[in-house]
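Colleague: Have a look at the structure that comes next, please.
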Amino acid sequence: MKRLILLRHAKTETDNKGGDHARVLTERGRSDAALIGRCLEESGYHVDLVLCSTSARTRQTWDIVAPLLSGKPRIEFLDPLYLAPVKRIVSIVDGVPDATGTVVVIGHNPGMEEAAALLARKPETSEERANLKNMREKFSTGAFAVLDFDTDHWKEAAPHLGAVTAFVRPKFLRAE
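Each residue of the sequence shown is one higher than the one before, starting from 2 at the first, in the numbering used here.
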C-alpha cells in the first residue's frame with residue numbers, strides 16, 4: 002500500500018512586501034499547523050518523505066509540523082511545487098521511489114484540492130463518502146487529505162484509485 006497525504010499550507014498573511022513567495026503564516030496559521038501536526042501524529046501516520054514547496058508559508062507549516070511527528074522523514078524542498086498545477090503534483094508523486102511508503106506533499110491551492118479530487122476513487126464506504134464530501138466542500142488552509150492506494154508502486158497511484166481515508170480541516174480540531 003502507498004499512502005499520500007496532501008497538505009495545504011496553513012493560514013497566511015494576505016500581502017508581503019517580498020511578494021507572494023515570501024508570505025508567512027499568521028498567528029492562527031501557526032496554531033493550526035500545530036493542530037495538524039498533532040493530528041497526524043495521533044492518527045499514527047508514519048511519514049517517510051515530505052515534498053514541500055519552497056514558499057515561506059509551506060516551509061513554516063512544515064517547521065511547525067515536523068517536531069510533532071515521532072519519526073524523522075526525509076524532506077525535499079521543491080521549486081516545482083510552488084503554486085503547482087495538478088498535473089505537476091501527480092507527476093512529482095509518480096517519481097517517488099517505491100521503497101517509500103507514506104509521502105506528504107505540502108503545497109498550495111488550487112493544486113492540492115484538484116490533486117486530491119483527481120486521485121480520489123468513487124467512495125466505497127460511508128466514511129469515504131463523508132471524507133470526500135467534506136473535501137469537496139472546502140479544502141481550507143491547513144487542511145489535509147489522506148489517500149491510500151492498493152499498490153506497491155507510486156506510478157500506479159493513479160487518478161480515481163485512491164481511497165480518501167481521512168480529510169481534516171483545522172476547524173475540525175479547534176475547540177471553539
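Idealized CB from N, CA, C, for every residue including glycine. Quick caveat: nothing in here was measured; it's all calculated off a predicted structure.
Whole-angstrom Cβ separation of Val87 and Leu5, contact assumed at under 8 Å?
Modeller: That pair is no contact at about 13 Å.
Colleague: Just verifying my parser: in three-state terms, what is the DSSP assignment at Pro71?
Modeller: Checking the sequence shown, residue 71 turns out to be Ser, not Pro. Note: Ser71 maps to coil in three-state DSSP.
Colleague: Quick one: what's Arg24 bridged to in DSSP?
Modeller: Per DSSP, none; premise fails for Arg24.
Colleague: Am I right that Arg9 and Gly108 are in contact with their C-beta atoms under 8 Å? What's the rounded C-beta distance?
Modeller: At roughly 7 Å, the Cβ-Cβ gap stays under 8 Å, so Arg9 and Gly108 are in contact.
Colleague: Quick one: residues in its chain with C-beta nearer than 7 Å to the C-beta of Thr152, no 5 flanking neighbours on either side, listed in chain order?
Modeller: Closer than 7 Å at Cβ, skipping near neighbours: Lys3, Ala158.
Colleague: Counting Cβ pairs, one atom from each stretch, are 3 or more of them under 8 Å apart for the region 12 to 28 and the region 115 to 124?
Modeller: Cβ pair count under 8 Å is below three, so no.
Colleague: Do you know offhand how far Gln61's Cα is from Arg130's?
Modeller: For Gln61 and Arg130, the distance between alpha carbons rounds to 32 Å.
Colleague: In the DSSP output, what is Glu138 paired with across the bridge?
Modeller: DSSP, once it has assigned bridges, lists no residue as partnering Glu138.
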